[in-house]
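What follows is a set of notes on a single structure, which appears directly below.
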Amino acid sequence: MPRTLIPLCLLALTGCFGGASPAPRSFRPELAAVEPAAAEGPALRYRAVSASPHLDQRMAWRLSPVEYWFADLWVWSEPPQSYADRALAQRLFEGRGLRRGSGAGLPALEAELREFCYDREAAQARVALHVLFTQPEGTQLERTLEATAPVGEPEPEAIARALGVALSAVCDEAAGLVGEALGK
């Protein structure tokens, strides 16, 4: 390569690599409001919602039933299980009037967030929450609850709004099942 071309190549490469990288954008799903319960209900041993390992702070797109893509520049302001934990606890303790308890003889609820993503094929937000409810006498309820919400344009704001709608719906359903089992 002639010596005069080397500086020109280096100059061209600095233009490719010297520009500023776009900053990550942070989002938070908006959850539906909950009406406070009129009366206090029974106690419930509640564990914070956990999440499948693939759900981290990057926004996830489901490309097919077996493939996910994670956006590096679109991130959640908190891990998705924090939103699920907050939504479910609010619906149980404020909306249903249940009380938090820690006794071993109390009914217990565990939940795992398994889906919190934009489904590209269906153009919708998808949330799946697996719940395990046990009572001291041995009765048990185990289900995976799913909810979806349409997303118009696949823009991060629209995805965040739709995920908030789907998460609110799935947590409402979980709280309803637990409330029914407890007679509340």
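Mapped onto the working numbering, the consecutive letters of the sequence shown carry residue numbers 31 to 214. Ideal Cβ positions, reconstructed from N, Cα and C, are used throughout, including at glycine.
Annotation for Pro-109: Ala-81, Leu-85, Asp-86 and Gln-87 place their beta carbon closer than 8 Å to its own, counting only its chain and skipping 5 residues before and after.
Each residue's CA atom was taken as its position, placing Ala-138 and Ala-68 some 22 Å apart. With 16 or more other Cβ atoms from the protein chains shown falling within 10 Å of its own Cβ, Pro-59 counts as buried. For Asp-149, the enclosing beta strand (DSSP E) stretches over residues 138 to 149. When DSSP states are grouped into helix, strand and coil, Pro-180 belongs to the strand group. Beyond the five residues adjoining it in sequence on each side, Leu-193 comes within less than 7 Å, by CB distance, of Pro-59, Phe-146, Ala-155 and Val-157 in the same chain, given in chain order.
The continuous stretches of beta strand (DSSP E) do not include Val-208, which lies in the alpha helix (DSSP H) extending over residues 186 to 211. Three or more beta-carbon pairs drawn from the segment 191 to 208 and the segment 121 to 131 are found closer than 8 Å, and the two stretches are therefore classed as touching. By the beta-carbon neighbour count (other beta carbons within 10 angstroms, threshold 16), Gln-111 is buried. Taken through DSSP and simplified to helix, strand or coil, Glu-172 comes out as strand. The Cβ-Cβ distance between Ser-107 and Phe-57 falls below 8 Å. In this structure, Arg-129 places its C-beta atom within 8 Å of the C-beta atom of Glu-70. The Cβ neighbour count for Ser-198, taken over all protein chains shown within 10 Å, is at least 16; the residue is labelled buried. Residue pairing by DSSP puts Phe-57 in a beta bridge opposite Trp-106.
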